[in-house]
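Trainee:
Shown next, in the form of C-alpha cells:
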C-alpha cells in the first residue's frame, strides 16, 4: 500500500515499487532508494526517473535487468542497476540585480500668442403694429437675426348697416283763391333850384317823379 509520504515507481515489464518523497523530487538529483513490491530494495539515480501523467515516476529498469546483473537475489540484497544518463534542459529565472527607475517631471512656460474672438450682441426693438394674415419665420439679414414677435388682439370693426328708410311723398291739391289786402308804396322826389339873383324863384312845376 502506497503511503501518503511515498511516490509510486513503475519499471519495465510490470516492475513496481515506491520511494519516499524528498527534495530530490524538485531537483531530480542524487540517489533515490526504491522499495519494490516484493520487498527488494535498490537505489536509482534521480535523474533517470521520468514523471508520468498520473504523477508517478517511471524508471528504465525491469526484472530482466535485475536478474542479469545479480542473478538470483534475496529479499535483503541491494541491487544497484546501471543507470542511463539523459540530458534535461530547463530554464530558471535567477535574479542578478535590480533596477530603480525614478521619474522626474520638468515644467516650463511658453508664451502663446493666439488671437481670440470676442462677440457683442446688440438687441434693438422696432415696433411694427401691423396686422398680418400668417406668422413669418425667423430670417437672417447679413449679421442680423430678425425674430418676429406676435400677439393676438381682439379687433372691433365698425361697419355701416342700413337700419330703415323714410319715404316722403309730395301730393298736389286743387287750387283755390283767397283775396288779401296788400299795402304798396311808391316814392316821389320834388326838385327846387335856387340862384343869387332870384332867391325867391319858385318852382316851375313839379319835378319829375322818381
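Residue numbers (the working numbering): 2 to 211.
Glycine included, each C-beta is placed from N, C-alpha and C at the ideal position.
Grab the span of the beta strand (DSSP E) containing residue 142 for me, first residue to last.
Mentor: Within the chain shown, residue 142 is the residue found at index 141, counting from 1. Where residue 142 is concerned, the enclosing beta strand (DSSP E) stretches over 140-142.
Trainee: Is it right to say residue 137 is buried, meaning 16 or more other beta carbons lie within 10 angstroms of its own, or is it exposed?
Mentor: Here residue 137 refers to the residue found at position 136 of the chain shown. The residue in question, residue 137, is exposed, as its Cβ has fewer than 16 Cβ neighbours within 10 Å.
Trainee: Apart from the five residues just before and just after residue 76, which ones in its own chain have a Cβ nearer than 8 Å to its Cβ?
Mentor: By one-based count along the chain shown, residue 76 stands at place 75. A caution first: residue 76 carries a pLDDT of 46, below 50, which makes its placement in the model unreliable, though a value can still be read off. Taken in chain order, the residues that qualify are 39, 40, 41.
Trainee: Short of 6 Å in beta carbon distance, which residues of its chain neighbour residue 147, apart from the five on each side in sequence? Order them along the chain.
Mentor: Working through the chain shown from its first residue, we reach residue 147 at position 146. Closer than 6 Å at Cβ, skipping near neighbours: 140.
Trainee: Taking 7 Å as the threshold (C-beta atoms), are residue 33 and residue 47 in contact?
Mentor: Walking along the chain shown from the start, residue 47 turns up at place 46. Walking along the chain shown from the start, residue 33 turns up at place 32. Taking 7 Å as the cut-off, the Cβ atoms of residue 47 and residue 33 count as close.
Trainee: First and last residue of the alpha helix (DSSP H) that includes residue 26?
Mentor: Here residue 26 is taken as the residue at index 25 of the chain shown, counted from 1. From DSSP, the alpha helix (DSSP H) with residue 26 extends over 25-28.
Trainee: As a quick exercise: from 43, 134, 142, pick the residue whose alpha carbon is nearest that of residue 151.
Mentor: By one-based count along the chain shown, residue 151 stands at place 150. When only C-alpha atoms are compared, the closest one is 134.
Trainee: Identify, in the order they occur along the chain, each residue of the same chain with its Cβ nearer than 6 Å to the Cβ of residue 16, setting aside the five sequence neighbours on each side.
Mentor: Locating residue 16 in the chain shown gives position 15, where the first residue counts as 1. Here the set comprises 63, 64.
Trainee: My assumption, with CB atoms under 8 Å, is that residue 51 sits in contact with residue 58. Please give the rounded CB distance.
Mentor: Taking the first residue of the chain shown as position 1, residue 51 is located at position 50. Taking the first residue of the chain shown as position 1, residue 58 is located at position 57. Indeed, because the Cβ distance is near 7 Å, the residues count as touching under 8 Å.
Trainee: Please state whether the Cβ-Cβ distance between residue 10 and residue 18 is less than 7 Å.
Mentor: On the chain shown, residue 10 is found 9 positions in, with the first residue counted as 1. On the chain shown, residue 18 is found 17 positions in, with the first residue counted as 1. Yes; because the gap between Cβ atoms is below 7 Å, this pair is in contact.
Trainee: Just verifying my parser: in three-state terms, what is the DSSP assignment at residue 96?
Mentor: For the purposes of this step, residue 96 is taken as the residue at position 95 of the chain shown. It is coil, neither helix nor strand.
Trainee: State the DSSP-derived secondary structure class of residue 114, mapped to helix, strand or coil.
Mentor: Start at 1 with the first residue of the chain shown, and residue 114 comes out as number 113. The answer is coil: DSSP assigns residue 114 none of H, G, I, E or B.
Trainee: Residue range of the beta strand (DSSP E) that residue 136 falls in?
Mentor: Within the chain shown, the letter at position 135 stands for residue 136. It is not in any beta strand (DSSP E) - residue 136 carries neither H nor E in the DSSP assignment.
Trainee: Whole angstroms is fine: what's the gap from residue 25's alpha carbon to residue 12's?
Mentor: To locate residue 25, count along the chain shown from 1; it is residue 24. To locate residue 12, count along the chain shown from 1; it is residue 11. Each residue's Cα considered, the two are about 18 Å apart.
Trainee: Using the C-alpha atoms, what's the distance from residue 115 back to residue 109?
Mentor: Taking the first residue of the chain shown as position 1, residue 109 is located at position 108. Taking the first residue of the chain shown as position 1, residue 115 is located at position 114. Approximately 19 Å between the Cα atoms of the pair.
Trainee: Helix, strand or coil for residue 14 per DSSP?
Mentor: For the purposes of this step, residue 14 is identified with residue 13 of the chain shown, where counting begins at 1. Reduced to three states, the DSSP call for residue 14 is helix.
Trainee: Any idea if residue 8 is buried or exposed, counting beta-carbon neighbours within 10 angstroms, 16 or more meaning buried?
Mentor: Stepping through the chain shown from its first residue, residue 8 is reached at position 7. Counting Cβ neighbours within 10 Å, residue 8 comes out buried, since at least 16 surround it.
Trainee: Give me the Cα-Cα distance between residue 125 and residue 143, rounded to the nearest whole angstrom.
Mentor: Against the chain shown, residue 125 aligns to sequence position 124. Against the chain shown, residue 143 aligns to sequence position 142. Approximately 15 Å between the Cα atoms of the pair.
Trainee: Using the three-state DSSP reduction, which class does residue 67 fall into: helix, strand or coil?
Mentor: Within the chain shown, the letter at position 66 stands for residue 67. Under the three-state reduction of DSSP output, residue 67 falls in the helix class.
Trainee: Considering only C-alpha positions, which residue in the set 92, 5, 112, 153 is nearest to residue 28?
Mentor: As a first step, residue 28 is located in the chain shown; it is residue number 27 there, counting from the start. Distance check between residue 28 and each of 92, 5, 112, 153 places 92 closest, using alpha-carbon atoms only.
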